[in-house]
Structures are given as C-alpha cells and as structure tokens.
Amino acid sequence: MGFADSHHSHWLHLRHPPTQTTQRSKSDSIGLVTSLYSLRMLGLCFVVILWVAFTLKTGIFSVAPVMLIGVAVGCAHLILPNRFNRAHLPSALYITVLGGLLANVLAGLAEFSSTLGVDYLQVVGSRRIPEDVPMLATAFVNAFRFEDAIFYTLAIAASCICLRKKD
1176 MGFADSHHSH
1186 WLHLRHPPTQ
1196 TTQRSKSDSI
1206 GLVTSLYSLR
1216 MLGLCFVVIL
1226 WVAFTLKTGI
1236 FSVAPVMLIG
1246 VAVGCAHLIL
1256 PNRFNRAHLP
1266 SALYITVLGG
1276 LLANVLAGLA
1286 EFSSTLGVDY
1296 LQVVGSRRIP
1306 EDVPMLATAF
1316 VNAFRFEDAI
1326 FYTLAIAASC
1336 ICLRKKD
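Sequential numbering of the sequence shown, starting at 1176, is according to our numbering.
As structure tokens, this is what we get:
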C-alpha cells in the first residue's frame, strides 16, 4: 500500500461522499402546512375581534394588542400534534405584520365609530371602500407614532420567539 493506493482511495471518497439523512432538508406535508396557516389566521382573527371589541367597549385605542397577534401567530404550531421540519418563519412574519396593520385599521375604525356614536358595522360596511382607501391610508400614516413601531417590533420578536420547535 503505497502512496498511489491511499491517494486513489481518497479520490473515491471525494467522488462519492457519504449521504446522511440528517443533512437533507425535509419538507412538511401540504395538509400540515395548511393546518398551520389556518391556525395562524384563526389566531389573527381571534385577536382582531378582541382588539376591536375592546376598543368599541372602552373607546380607548392602543396599538399594544398587536403584540398578541405576534404571540398568536407564533404559537399556532404548538396546538398541532405533529412536529414541523421547518419553522415557516416568513409566513409568520407576513401574517404578523400585515395582519397587525389590518387589525390596527379595524381597531381605528372602532375608535372612530365609538367617538362619533355610529354603529361599527355601518362604518366598516360602507360601500365607499375604493374611494375611502386613500383617505384611510393618509390617516393611518399621519396617526402612526414611534411608539407604534416599537409595538410592531415587539410583535415580530414575540412571533419569532414563539416559533421554537416543540420537543
């Protein structure tokens, strides 16, 4: 066994590297991912309903409940009995941020309706949505404060922390 034999066997190992199943990326089944997304959306809807109901009942508008959206979206996988091979982080972040913005608008409309004494369903159900979107967007941008950005950052952090795999 000379130099040529050891060099030749080394070349074979490089040409045919050993495969290990731990290095392969496993994907989750479509049904499992669908149930995860459904639970995330259900958690989002639940927190939105609570936020709007609180705003309607008290007339107090706060952005702090957006953190509950991060927790609800991030912890949705804990309800499912199956384990996930991936964390599905991008979808959790999208649902947290976009759902938080939508919830913020709905809660703002709840404050508007409670301040004016108009029924909330009349405010939300008005058929002037295409015409009112620029006005609502401008009002939202003008009402956005630095503290709101902190709450949204905390919501994203809560969602990421809750995404840990269950044991």
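Don't be surprised by glycine CBs; every beta carbon is placed ideally from N, CA and C.
>> Given a cut-off of 8 Å on the beta-carbon distance, is the pair Gly1275 and Ala1330 in contact?
In response: A contact, by the Cβ cut-off of 8 Å.
> Would Gln1195 be called buried (16 or more neighbouring beta carbons within 10 Å of its own) or exposed?
Replying inline: Residue confidence for Gln1195 is low, a pLDDT of 42 falling below 50, so the modelled location carries little weight and cannot support an answer.
> Apart from the five residues on each side of it in sequence, which residues of its chain come closer than 8 Å, Cβ to Cβ, to Ala1312?
Replying inline: So the list is empty, once near-sequence residues are dropped.
> In terms of residues, what are the limits of the alpha helix (DSSP H) holding Val1222?
Replying inline: For Val1222, the enclosing alpha helix (DSSP H) begins and ends at Ile1205 to Thr1233.
> Mapping DSSP to helix, strand and coil, what is Ala1282?
Replying inline: In this structure, Ala1282 counts as helix in the three-state DSSP scheme.
> How long is the line joining the alpha carbons of Ala1278 and Ile1205, rounded to whole angstroms?
Replying inline: Counting only the Cα atoms, Ile1205 lies some 28 Å from Ala1278.
> Whole-angstrom Cβ separation of Gly1292 and Ala1267, contact assumed at under 8 Å?
Replying inline: Wrong, their Cβ atoms sit about 38 Å apart, outside the cutoff.
> Alpha carbon to alpha carbon, what distance is there between His1263 and Leu1338?
Replying inline: Whole-angstrom Cα-Cα distance: 8 Å.
>> Pop quiz: Val1222 and Ala1239 are said to be a contact at Cβ under 8 Å. What is the actual Cβ separation, rounded to whole angstroms?
In response: Wrong, their Cβ atoms sit about 11 Å apart, outside the cutoff.
> Can you check whether the CB of Tyr1295 is closer than 8 Å to the CB of Ser1288?
Replying inline: A contact, by the Cβ cut-off of 8 Å.
>> Using 8 Å as the threshold, is the C-beta distance between Ala1251 and Leu1207 below it?
In response: Cβ distance not < 8 Å, so Ala1251 and Leu1207 don't count as in contact.
>> Measuring alpha carbon to alpha carbon, tell me which residue in Leu1225, Met1216 and Leu1214 is nearest Leu1281.
In response: With distances taken between Cα atoms, Leu1281 lies closest to Leu1225.
> Is Ala1318 helix, strand or coil by DSSP?
Replying inline: Of the three classes helix, strand and coil, the one that applies to Ala1318 here is helix, per DSSP.
> Any idea if Gly1234 is buried or exposed, counting beta-carbon neighbours within 10 angstroms, 16 or more meaning buried?
Replying inline: Per the 10 Å Cβ criterion, exposed.
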